[in-house]
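To keep things clear, I will list the structure first and then write my remarks on it.
Protein chains in written order, with my numbering: chain A, 321 to 900; chain B, 12 to 282; chain C, 2 to 521.
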């Protein structure tokens with residue numbers, strides 16, 4: 321018996337294939353445009369010739385006036401070159417979150433909080449009727465098979481926000497692409513014929529590698545825009561004055577290792593069982609001459625030592641940590657007995673780092689440090705069987721805290737759990753499997769739990785399938801509407817259900833099964849369907865209770881202290897939590 | 012000091028101090044005529060403090076403090092309230108149907124709470140050591156899957172080994188048909204699974220190469236099913252003690268309400 | 002098998018929803034339907050898809066298309082637009098939490114039900130809520146009759162205001178209780194033993210409280226007599242007495258105590274004051290001269306008829322109740338030895354006892370007395386004259402005899418032989434004054450003071466000789482050393498505490514000897 325189901329308009333999925341429209345003609349056109357026209361094609365190796373790079377790692381995007389090209393806070397792995405037309409960078413203040421597809425920030429008010437008492441009778445995944453993707457001042461249009469979100473009232477935007485114009489030939493987004501950090505500004509097209517060349521990070525890296533001019537250019541803007549402030553904030557350089565800092569900034573080299581697309585690759589590798597330290601790209605080898613300290617800017621690296629026929633992981637380090645300081649300081653102080661690097665450093669996933677050369681360290685930095693900040697001398701490790709890190713002479717932050725066993729360390733590293741800033745760790749020795757945590761999560765999210773109390777486990781620790789709010793949020797790459805965003809700088813990763821179109825980009829990207837697609841329902845519990853009777857899906861995940869008072873409800877609801885949202889970027893928090 | 016030891020030390024300190032205080036007060040003011048009324052109100056306050064933990068659990072969206080702290084308070088207050096109960100009774104056994112029922116209700120609630128505390132601290136470690144982590148609600152489906160797999164293995168169309176089929180029909184069909192050995196698993200006994208596996212072992216000598224392989228897979232299924240049963244037993248125990256603790260609490264509160272009416276309505280007021 | 006088991010396969014694509022109250026009935030087989038039961042536990046499953054009608058442009062009738070998520074089914078929808086693959090309805094199952102909630106409601110319902118049933122039914126009600134057995138004296142038919150006579154309700158209502166009311170009445174009474182339910186300060190500061198509402202019920206049958214002293218403060222009956230403690234009313238304890246007598250403050254407040262009555266007493270063996278007859282002391286002011294030591298120990302005391310020695314029990318015999326001793330009476334206890342003969346030749350002639358006038362009259366009628374004794378009527382006169390002559394020889398004139406009889410108290414010398422017969426076992430009788438106090442009067446017989454034998458020495462305590470029958474009299478009464486009548490031969494406290502003390506083992510509660518309520 322036919323009947324009328326609930327129907328809505330459904331936007332198309334965003335087709336995200338790179339370079340699908342790059343024809344030879346387009347490539348030829350590019351080669352004729354600056355800066356590619358000035359690049360010496362013979363400098364590029366035969367394996368990766370310039371035209372192939374352009375053909376496979378770039379694509380041309382066309383925008384009409386008002387369409388948003390890059391959102392502030394998005395994570396992306398591409399740099400952009402304006403080929404035609406003009407673009408505007410929104411400087412101060414940035415656009416309202418609603419215009420960017422974000423959820424309105426702030427916590428629930430008193431009435432909404434108390435209204436959660438009646439959540440228990442809501443059907444699962446009930447979605448109040450709404451028009452997706454339409455915030456005031458924002459429009460959406462379908463352009464062939466793509467969704468473009470555009471600002472409806474540009475004059476108003478220009479009135480209320482300070483903007484800067486960018487013209488053909490200008491680069492933007494290269495720092496974000498290289499250092500894997502969030503986009504710093506929103507950029508929208510200012511003319512109807514704006515053409516953008518989007519260059520993938522692999523392409524950018526290769527272009528930089530083989531073209532001196534581009535490399536110099538990128539280096540220069542990197543140093544200008546990002547490096548100085550970062551160095552100033554680093555504790556190691558606290559005692560330097562401006563002149564010294566400039567000299568250090570001049571001498572610093574930056575590098576990227578590993579694979580930006582590591583998540584997809586990682587999933588495949590993990591299933592085939594070939595995630596092994598020996599296969600990861602080496603940044604620094606054990607026994608190498610210490611030619612500089614490594615400052616990790618973004619990403620993670622594994623610290624390991626040779627053991628038997630393989631490598632034994634001692635620790636992993638994350639953004640902001642330093643490698644190699646002990647050896648270089650030791651060599652500087654005891655001229656006679658120089659040591660080499662005691663450990664090797666390997667990139668896990670991808671790593672973006674700065675190298676401060678030894679000479680700069682010895683001349684400028686080390687003399688400026690007070691005696692008590694210098695690391696103690698290195699004792700070359702004689703006994704590899706001694707598992708206690710302190711006995712082998714290693715110092716924090718390289719040393720593995722004692723409460724984290726080697727097996728657990730391997731488990732965390734192999735599964736890339738160190739990425740999480742709020743990983744849900746469950747102590748199986750204390751957990752009574754009562755599900756209070758899941759029910760608390762449901763109570764604070766309209767009767768829908770947003771995580772699974774299950775996941776990989778090692779010994780007494782289980783890492784549940786809950787969003788870890790990664791330092792490197794691969795899920796945030798490629799969202800067409802800006803629905804997935806970070807609440808604050810390096811803060812919680814949140815999906816705005818109103819703007820989510822269910823394209824599954826984030827769901828596919830997440831390596832930890834933290835995002836789940838749900839089919840939304842109406843008030844009676846029937847599935848909402850589109851015109852073709854297909855259920856409407858939204859991506860959902862833990863949002864660390866950004867809207868709720870009191871912090872993550874799961875942690876607060878566990879009666880036995882068995883659940884913690886732990887920052888695994890460094891092992892300190894975990895080791896402290898484990899010493900229960 | 013680790014966090015749980017700190018909680019325990021602090022809680023015990025508070026409990027000991029409160030116990031000493033309560034007993035000293037009982038010594039000093041035990042002869043007061045309305046001693047039972049005063050201790051009764053204190054007891055009711057304690058019971059109320061214990062019962063509102065249930066309310067906190069139903070309001071996880073309000074920032075009322077962590078459930079962990081509430082549970083610590085609940086446990087130590089529970090012990091103290093039991094002492095208050097004994098003081099209220101003047102350490103004597105009550106007579107009369109109503110008062111005996113009331114005392115039994117309190118004793119059961121208190122006792123089930125202690126049993127629950129014991130379970131909550133002892134059983135999770137056993138579950139973690141055993142492995143095979145599974146969510147309670149999914150156990151039935153898992154068991155069903157194992158049953159289908161085992162049946163296919165032993166009785167399926169390509170199965171041609173009669174003796175394996177017989178073994179299955181006689182010994183394993185019942186085992187796979189539902190959750191088993193609840194009490195034995197609570198008592199940490201491995202006897203049932205070892206018996207089944209031993210039975211399977213006996214068949215090995217009569218089995219061909221392919222059949223041995225089948226027996227191995229069947230043994231693996233038996234171990235999985237046993238692990239599932241173990242999880243079900245312990246997780247069910249971790250849930251069922253609350254079936255005594257919570258319903259009886261509300262029964263106790265009903266009886267307590269009447270008790271208050273009775274003692275005030277019938278009291279001479281002199282004692 | 003070593004190491005932990007691997008976790009079973011897990012569906013990470015869908016949330017587990019322990020917050021829902023109902024699960025699909027097919028979940029046990031791993032085939033839970035997508036839709037799930039509704040909030041009330043009804044299965045909503047219909048079919049695997051909802052077919053969509055597709056009309057291409059130009060067509061009038063469209064075609065039904067399968068819209069199953071995932072991939073479409075092979076057979077496709079039926080021509081009328083319904084799905085060809087219906088899902089079998091299930092019986093949704095409630096979760097354990099739902100069962101727990103039902104159990105809680107059930108327990109509450111049963112509790113209320115039980116209470117309403119028992120409270121609504123008067124005979125059951127009283128037995129159900131009674132906190133302990135009633136004493137025999139306050140239950141049964143006798144009490145019921147008393148209640149009627151004294152205009153009390155029957156049953157619990159005899160004492161309790163709310164005793165015969167249902168739940169409503171109980172609540173009303175509770176709300177009207179004094180001190181009130183929430184008056185914690187009043188509850189805490191209430192003074193013990195204050196009379197309460199229930200005391201008024203006690204007074205209906207026990208009209209006056211009869212407190213033991215007029216200055217005793219009004220106390221609640223229930224303070225000492227606790228009901229509902231079993232078949233007997235709870236025995237009063239020393240604590241009840243110590244409430245006042247153990248507190249110097251209360252004794253002072255009551256006022257009017259003097260001497261040892263004002264002493265602060267906690268336990269008989271510890272600080273009970275010595276008996277007043279010893280401390281004050283009270284001599285026995287009896288005018289009868291009696292020497293216990295003589296009577297009990299001297300060899301000169303004649304034996305009783307029957308050959309036994311004189312002992313305590315010959316004179317001091319318990320009364321009918323056995324608690325106290327009968328008063329010593331001359332005719333029964335003394336005349337056996339003190340026969341009052343005055344004529345050694347005529348032992349059967351004895352003086353009357355009890356009135357000096359009678360003795361005087363007897364002496365004046367001696368001839369007649371002798372005449373009665375004559376056996377031979379013919380020689381009667383001669384007999385009488387002979388006797389009288391003998392008397393005169395011994396005593397002198399009739400006045401002398403009379404004087405001698407009344408006033409002689411000699412203990413030595415021939416005068417003591419007055420009444421002693423040769424060879425007879427009799428006590429000496431020098432004269433009345435030997436035992437009594439005799440005062441001459443102007444005319445007529447002298448005044449002989451009647452001995453004063455107090456009935457009770459210790460009026461504030463009760464004593465029962467029968468309970469002490471296993472003891473020898475001399476264990477408590479030091480008669481063998483007493484030569485003087487003035488000695489009060491009762492034992493002091495230290496004698497009693499030999500047994501009536503914690504180490505002596507015999508009950509030493511206040512109530513053993515003392516009663517609170519003054520006898521009417």
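Don't be surprised by glycine CBs; every beta carbon is placed ideally from N, CA and C.
Report buried or exposed for residue i, applying the criterion of at least 16 other Cβ atoms within 10 angstroms of its Cβ.
i, result
"residue 551 (chain A)", "buried"
"residue 209 (chain C)", "exposed"
"residue 638 (chain A)", "buried"
"residue 883 (chain A)", "buried"
"residue 662 (chain A)", "buried"
"residue 517 (chain A)", "buried"
"residue 353 (chain C)", "exposed"
"residue 452 (chain A)", "For residue 452 (chain A), the pLDDT reaches just 49, beneath the cut-off of 50, and the residue's location in the model is therefore unreliable, although a value from the coordinates is still provided. Under this definition residue 452 (chain A) is a buried residue."
"residue 647 (chain A)", "buried"
"residue 27 (chain B)", "exposed"
Quick one: what does DSSP say residue i is sitting in, helix, strand or coil?
i, result
"residue 351 (chain C)", "strand"
"residue 87 (chain C)", "strand"
"residue 342 (chain C)", "strand"
"residue 897 (chain A)", "helix"
"residue 371 (chain C)", "helix"
"residue 160 (chain C)", "coil"
"residue 625 (chain A)", "strand"
"residue 404 (chain A)", "strand"
"residue 266 (chain C)", "coil"
"residue 179 (chain B)", "helix"
"residue 150 (chain C)", "helix"
"residue 243 (chain C)", "helix"
"residue 633 (chain A)", "strand"
Measure how close the beta-carbons of residue i and residue j come, nearest whole angstrom, since I'm counting them as under 8 Å.
i, j, result
"residue 134 (chain B)", "residue 249 (chain B)", "6 Å"
"residue 784 (chain A)", "residue 731 (chain A)", "Actually they are not in contact, since the Cβ atoms of residue 784 (chain A) and residue 731 (chain A) sit about 14 Å apart, beyond 8 Å."
"residue 405 (chain A)", "residue 505 (chain A)", "So it is not a contact: roughly 18 Å between Cβ atoms."
"residue 146 (chain B)", "residue 774 (chain A)", "6 Å"
"residue 500 (chain A)", "residue 618 (chain A)", "5 Å"
"residue 443 (chain A)", "residue 40 (chain C)", "7 Å"
"residue 497 (chain A)", "residue 398 (chain A)", "6 Å"
"residue 673 (chain A)", "residue 616 (chain A)", "5 Å"
Got a sec, what are the start and stop residues for the beta strand (DSSP E) residue i sits in?
i, result
"residue 516 (chain A)", "514-520"
"residue 824 (chain A)", "Neither: residue 824 (chain A) is in no beta strand (DSSP E) and is coded neither H nor E."
"residue 573 (chain A)", "573-578"
"residue 504 (chain C)", "Element bounds for residue 504 (chain C): n/a, residue is neither H nor E."
Based on the DSSP secondary-structure assignment, which residues constitute the bridge partners of residue i?
i, result
"residue 785 (chain A)", "A:772"
"residue 855 (chain A)", "A:849"
"residue 440 (chain C)", "C:448"
"residue 884 (chain A)", "A:745"
"residue 412 (chain A)", "A:482"
Specify, as a first and last residue, the run of the alpha helix (DSSP H) that residue i falls within.
i, result
"residue 253 (chain B)", "220-277"
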